[in-house]
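Have a look at the structure below before the remarks.
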Amino acid sequence: MKAKDFIEYTPIETQNLTAQERSKQYRAFLDQRRSLRFFSDRAVEKETIENIIMTASSAPSGAHKQPWTFCAISSADIKAKIREAAEKEEYASYNGRMSDEWLEDLKKFDTDWNKPFIDIAPWIIVLFKKAYDLDENGNKMKNYYVNESVGIAAGFFISAVHHAGLVTLTHTPSPMNFLQKLLERPENERPFLLLPVGYPADDAVVPVLKRKSVDEVITYY
Ligand code: IYR
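Going by this note's numbering, the first residue of the sequence shown is number 60, and it counts up by one from there.
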């Protein structure tokens, strides 16, 4: 792209609804989203995953560098390897690495080191952040606000999964370096999030949670 190349911005088609109506609808729609730990093994087409990832990749990023790689895994063999390595780390976390306060905070989710969803979900997406990029000569090119950018892309991803009628979980097996090795990612990529994607299991349950109220999250001036 040349410097200072501009085209006219085309606003979206609002279908005769006001911003107030549209914002209300979207609020209700995203309020139905839940993080799921119980997945069906029902297949999801590659094209669907690709649409969701490219939605995520439309997120704003520092200097439009798009400092991310989405690894989309459907191979049963690789999923099994990821599950095994993730459970090893999670076992150590739940049995000594996490503080009592942290374990207490997690009680309502009834989680433990077992991560069967990594095998069961048809797709595991591992989102990598790119600390820097390399040009065709192997020179380092700087990325900016990498954590903010990749976090925003993850948000777009989660909303796109919900819009498709699918479910996901923002899973952070910790530490996550095993993913870089297992997926043979280059030195400039660091794992950011692991997101299983699929249909919910027929008997899926979610914890009873309350979201913060307007007064708790907004301060008007
Ligand atoms: N990574 C662990 C623990 C965990 C941590 C937080 I913060 C959660 O919101 C949920 C779980 C796990 O995935 O079980």
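From the three backbone atoms N, C-alpha and C, an ideal C-beta is built for every residue, glycine too.
Residue pairing by DSSP puts glutamate 248 in a beta bridge opposite Lys189. With contacts defined by Cβ atoms closer than 8 Å, isoleucine 183 and lysine 138 form a contacting pair.
Taking 8 Å as the cut-off, the Cβ atoms of lysine 188 and arginine 270 do not count as close. As DSSP reads the structure, glycine 197 sits in no beta bridge. Non-local beta-carbon contacts of cysteine 130 in its own chain, meaning distances under 6 Å to residues more than five positions away in sequence, involve Val185, Leu242 in chain order. For arginine 92, same chain residues with a beta-carbon under 6 Å away, outside a window of 5 residues either side, are His221 in chain order.
With a 10 Å radius around the Cβ and a threshold of 16 neighbouring Cβ atoms, alanine 219 comes out buried.
Comparing C-alpha distances from alanine 115 to each of Thr128, Asp64, Arg101 shows the shortest one belongs to Thr128. Under the DSSP assignment, phenylalanine 215 falls in the alpha helix (DSSP H) whose first and last residues are 205-222. Look at the segment 70-107 and you find these whole runs of alpha helix (DSSP H), each 4 residues long or longer: 78-90.
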